[in-house]
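Trainee: The structure is given below, and queries will be raised subsequently.
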Amino acid sequence: MSLDADQLVDRRRLRRKLSFWRVAAFVLAVVAILGVAAASMQNGLFGPRSSHVARVNLTGIIVEDRKVEQMFDKIANSSAAKALIVAIDSPGGTTAGAESVFDAIRKVAARKPVVAQIGTVAASGGYAAAIAADHIVARRTSITGSIGVLFQWADVHRMLGDIGIDFETIKSGPLKAEPNPFEPTSEDAKAAIRSLVMDSYDWFVGLVADRRKLDPVEARRIADGRVYSGGQALKLDLIDAIGGEDAVRDWLATEYRIDRDLDIREWKPESGLSGIGIAGAAASLARGLGWDTLALVIERSARSSVGSLDGLVSVWQPQDLEQ
Numbered sequence: 006m007s008l009d010a011d012q013l014v015d016r017r018r019l020r021r022k023l024s025f026w027r028v029a030a031f032v033l034a035v036v037a038i039l040g041v042a043a044a045s046m047q048n049g050l051f052g053p054r055s056s057h058v059a060r061v062n063l064t065g066i067i068v069e070d071r072k073v074e075q076m077f078d079k080i081a082n083s084s085a086a087k088a089l090i091v092a093i094d095s096p097g098g099t100t101a102g103a104e105s106v107f108d109a110i111r112k113v114a115a116r117k118p119v120v121a122q123i124g125t126v127a128a129s130g131g132y133a134a135a136i137a138a139d140h141i142v143a144r145r146t147s148i149t150g151s152i153g154v155l156f157q158w159a160d161v162h163r164m165l166g167d168i169g170i171d172f173e174t175i176k177s178g179p180l181k182a183e184p185n186p187f188e189p190t191s192e193d194a195k196a197a198i199r200s201l202v203m204d205s206y207d208w209f210v211g212l213v214a215d216r217r218k219l220d221p222v223e224a225r226r227i228a229d230g231r232v233y234s235g236g237q238a239l240k241l242d243l244i245d246a247i248g249g250e251d252a253v254r255d256w257l258a259t260e261y262r263i264d265r266d267l268d269i270r271e272w273k274p275e276s277g278l279s280g281i282g283i284a285g286a287a288a289s290l291a292r293g294l295g296w297d298t299l300a301l302v303i304e305r306s307a308r309s310s311v312g313s314l315d316g317l318v319s320v321w322q323p324q325d326l327e328q
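Counting from 6, one number per residue, gives the positions in the sequence shown under the numbering used here.
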């Protein structure tokens with residue numbers, strides 16, 4: 006009898022555990038469904054449906070992102086979005102990422118007015134995104150410019166030699182896998198990398214000259230990599246006006262007769278459940294319930310920070326401010 010009683014107790018414990026995990030799985034599924042529903046109710050399947058001015062916040066490091074491109078496509082095709090404000094607060098990112106954002110914004114500009122509103126910083130790749138707009142507004146003390154391209158790598162071969170480590174490489178050609186941090190960089194390798202950088206730099210400068218209607222020689226003089234304040238940028242014709250949202254509203258009303266009181270609604274790339282999974286759904290649910298701070302905490306904890314960028318980079322790196 007004692008054995009039967011013990012078995013009965015064990016079975017009850019097992020049932021409780023199974024019930025707990027079933028309930029937990031059900032709760033997580035409900036959270037996921039409600040998160041998706043909240044996001045859908047907030048923006049609709051194809052974005053907000055009533056007339057509005059769309060706003061996209063372009064912040065942090067810029068990289069190529071298909072979902073961002075799809076979002077801009079939806080804005081371009083939305084009859085409800087009468088104009089687009091691209092609010093930029095970014096030091097740049099990969100050069101290819103900046104190019105993809107530039108192209109996506111230009112597609113929107115082919116159908117409706119686009120204004121770039123620079124916040125604290127829109128430098129390098131961030132400025133490349135700004136010049137895709139028809140009009141650029143910045144604060145007097147905003148940081149912009151830093152027009153250029155860079156390619157960086159570490160040289161650790163001396164350090165390895167000091168601790169007795171040799172690094173051997175067999176490659177098909179002298180420039181394969183260059184630069185190699187474990188070997189001295191040859192002059193031929195440096196020349197090849199410099200050619201790569203300058204090719205993209207020429208593209209960037211040409212873009213600035215074309216979009217800002219600058220003489221190519223003047224554009225190249227300005228594009229020496231330095232940053233400019235909003236006030237300096239205005240004098241150099243890198244931006245069009247000093248101000249904030251009021252200046253953006255004024256331009257849209259004056260140039261396109263868009264009502265100053267028309268709602269501004271924020272558009273965001275679709276995160277879905279494939280990107281950050283349940284965390285994405287939970288963040289959407291929190292935001293739908295008005296808990297924006299909690300949503301931000303969930304999103305940040307779910308994403309790893311950008312520790313490195315592959316390829317050519319168009320980013321402002323104030324090293325002395327980071328240390």
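Glycine included, every Cβ here is placed at the ideal spot set by N, Cα and C.
With H, G and I counted as helix, E and B as strand and the rest as coil, what does DSSP make of residue 94?
Mentor: Correct three-state label for residue 94: strand.
Trainee: Kindly indicate which three-state DSSP category residue 130 falls into: helix, strand or coil?
Mentor: The answer is helix: DSSP assigns residue 130 an H, G or I state.
Trainee: Would you mind reading off the limits of the alpha helix (DSSP H) that contains residue 232?
Mentor: Element bounds for residue 232: not the alpha helix (DSSP H) but the beta strand (DSSP E), 232–234.
Trainee: Which residues in the same chain as residue 246 place their Cβ atom closer than 6 Å to its Cβ, once the five residues preceding and following it in sequence are excluded?
Mentor: Closer than 6 Å at the Cβ level, and outside the excluded window around residue 246, lie 142 and 252.
Trainee: Can you list, in chain order, the residues of its chain with a C-beta nearer than 6 Å to that of residue 98? Leave out the 5 residues immediately preceding and following it.
Mentor: Answer for residue 98: 66, 67, 68, 130 and 320, listed in chain order.
Trainee: Can you round the beta-carbon distance between residue 225 and residue 210 to whole angstroms, since I take them to be within the 8 Å contact cut?
Mentor: Between residue 210 and residue 225 the Cβ distance is about 5 Å, and since that is below 8 Å, they are a contact.
Trainee: Our contact map puts residue 317 next to residue 56 with C-beta atoms below 8 Å; I'd like the distance itself, whole angstroms only.
Mentor: Wrong, their Cβ atoms sit about 40 Å apart, outside the cutoff.
Trainee: Cα separation between residue 192 and residue 185?
Mentor: Distance between the alpha carbons of residue 192 and residue 185: 13 Å.
Trainee: Quick one: what's got a C-beta closer than 7 Å to residue 72's C-beta in the same chain, skipping five residues either side?
Mentor: Correct list, in chain order: 274 and 275.
Trainee: Work out the CA separation of residue 250 and residue 124 for me, nearest whole Å.
Mentor: If you take the alpha carbons of residue 124 and residue 250, they lie about 10 Å apart.
Trainee: For residue 63, report the span of its beta strand (DSSP E) as first-last.
Mentor: Start and end: 57–67.
Trainee: Determine the direct distance from the alpha carbon of residue 188 to that of residue 176, and round the result to whole angstroms.
Mentor: Each residue's Cα considered, the two are about 13 Å apart.
Trainee: Short check: CB of residue 137 to CB of residue 111, under 9 Å?
Mentor: Contact: yes.
Trainee: Would you check if the distance between the CB atom of residue 61 and the CB atom of residue 77 is smaller than 9 Å?
Mentor: Yes, they are a contact pair.
Trainee: If you draw a straight line from the C-alpha of residue 118 to the C-alpha of residue 220, how long is it?
Mentor: Answer to the nearest angstrom: the Cα atoms are 25 Å apart.
Trainee: Using the three-state DSSP reduction, which class does residue 191 fall into: helix, strand or coil?
Mentor: Coil.
Trainee: Beta-carbon separation of residue 121 and residue 261 under 9 Å?
Mentor: It is not a contact, given that the beta carbons lie outside the stated cut-off.
Trainee: Considering only C-alpha positions, which residue in the set 156, 207, 218 and 82 is nearest to residue 241?
Mentor: Here the closest residue by C-alpha is 218.
Trainee: Would the beta-carbon of residue 156 fall within 9 Å of that of residue 201?
Mentor: In contact: residue 156 and residue 201 (Cβ atoms closer than 9 Å).
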